[in-house]
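Numbering (this note's numbering), first residue to last: 1060 to 1371.
Even for Gly, the Cβ is constructed at its ideal location relative to N, Cα and C.
What follows is a short report on a single structure.
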Ligand SMILES: [Zn+2]
Ligand SMILES: [Zn+2]
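Quick look at the structure:
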């Protein structure tokens, strides 16, 4: 059954019934991503990379099962509520050193795979060595990634380090008591961890039916944003939608002529198993189209830090 709703209409019906936040589900978040990556990989120009990220997502799922890091204390919650700030704010968070064990576990998982491309194996092993020899350097890389200081990020090791940080924050986000969330948090960033969204998804079914959610690049949470609104600058007047002619269904770029940025928007109605991070990686052609049209990406993909380095 399909319903066609005029743009944004559903949101205006009743605000109170739309869940503001969708927290990640521990058991399925990374398994779903791995499955989607494997579904997208066959005959794709980036097939090798998509399959590598699927293997990484498997490792993330395993690691998340055992990751129970300390959450925010009551002081931090109070402070977040007083200032309307994300309670799990990633930048400046005092990470439990256990996150490096998550990274070690991920690298172990990857190194143990029989089908890993030699170049990836080399990177994983070198990173494992560095983790032992110079943990401070790994912490510095993590800081650069969380602050999105691209100039300080090592693109080759970034997906692995980011994957461990995602496990860490996804655990925190899954365990968070939603009632402790500040009533208002800044526009454009995750209300839980303050990171930028990778893309957005229009859901089907349940209370979120036909509603659009932004997908956190770090903690896997999703938060509601009324459709036809710029996810970067909140403009609602100069929004346009772009798709590749004859390209895959259920994916568009939502552009804003006020701030000249775009983010992709995926429609579950067309592709039920869509995953913001996986489907974003698999649709770089749309990024090229948007670049040619003069728009810049509002934020990057957490598993890809340098487009030029990716080869199939
Ligand atoms: Zn988040
Ligand atoms: Zn804008």
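- Under the DSSP assignment, residue 1089 falls in the alpha helix (DSSP H) whose first and last residues are 1088-1099.
- Here residue 1347 is exposed: its Cβ has fewer than 16 other Cβ atoms, across all protein chains shown, within 10 Å.
- Residue 1354 and residue 1286 have their C-alpha atoms spaced approximately 19 Å apart.
- About 4 Å separates the beta carbon of residue 1315 from that of residue 1289, a gap short enough to meet the 8 Å contact definition.
- Set against 8 Å, the gap from the CB of residue 1246 to the closest heavy atom of ligand 2 is not smaller.
- For residue 1219, the secondary structure class from DSSP, reduced to helix, strand or coil, is helix.
- As computed with DSSP, residue 1301 is found in a beta bridge with 1312.
- Residue 1193 has its alpha-carbon roughly 46 Å from the corresponding atom of residue 1300.
- When distances are taken from the beta-carbon of residue 1301 to the heavy atoms of ligand 2, even the shortest one reaches 8 Å or more.
- The Cβ atoms of residue 1164 and residue 1122 sit closer than 9 Å to each other.
- For the region 1105-1170, the continuous alpha helix (DSSP H) assignments of 4+ residues that do not extend past its boundaries occur at 1106-1124, 1133-1142 and 1157-1170, in sequence order.
- In the DSSP assignment, residue 1083 falls outside any beta strand (DSSP E) and carries neither an H nor an E.
- For the set 1211, 1207 and 1115, the Cα lying nearest the Cα of residue 1196 is the one of 1211.
- Per DSSP, the beta bridge partners of residue 1320 are 1355.
- In this structure, DSSP gives residue 1281 an extended state, which the three-state scheme calls strand.
- Here the C-alpha atom of residue 1106 lies approximately 14 Å from the C-alpha atom of residue 1344.
- For residue 1277, the shortest C-beta to heavy atom distance toward ligand 1 is below 8 Å.
- Under DSSP, residue 1294 shares a beta bridge with no residue.
- The region 1133-1142 and the region 1080-1100 do not touch, with fewer than three beta-carbon pairs separated by less than 8 Å.
- DSSP places residue 1258 in the uninterrupted beta strand (DSSP E) bounded by 1256-1261.
- If the five residues before and after residue 1170 are omitted, its C-beta is found closer than 8 Å to the C-beta atoms of 1180, 1183, 1184 and 1187, all from its own chain and listed in chain order.
- Counting only the Cα atoms, residue 1143 lies some 39 Å from residue 1108.
- The straight-line gap separating the alpha-carbon atoms of residue 1318 and residue 1291 is approximately 8 Å.
- With 16 or more neighbouring CB atoms inside 10 Å of its own CB, residue 1116 falls in the buried class.
- Here the C-alpha atom of residue 1295 lies approximately 14 Å from the C-alpha atom of residue 1247.
- Nearest to residue 1228 by C-alpha distance, out of 1326, 1190 and 1126, is 1126.
- Note on residue 1208: under 16 other CB atoms within 10 angstroms of its CB, so exposed under the neighbour-count rule.
- In the three-state reduction of the DSSP assignment, residue 1189 falls in the helix class, which pools H, G and I.
- Sixteen is the threshold: when 16 or more other Cβ atoms of the shown chains lie within 10 Å of the Cβ of residue 1205, as they do, the residue is buried.
- If you check the C-beta of residue 1318 against ligand 1, you find no heavy atom less than 8 Å away.
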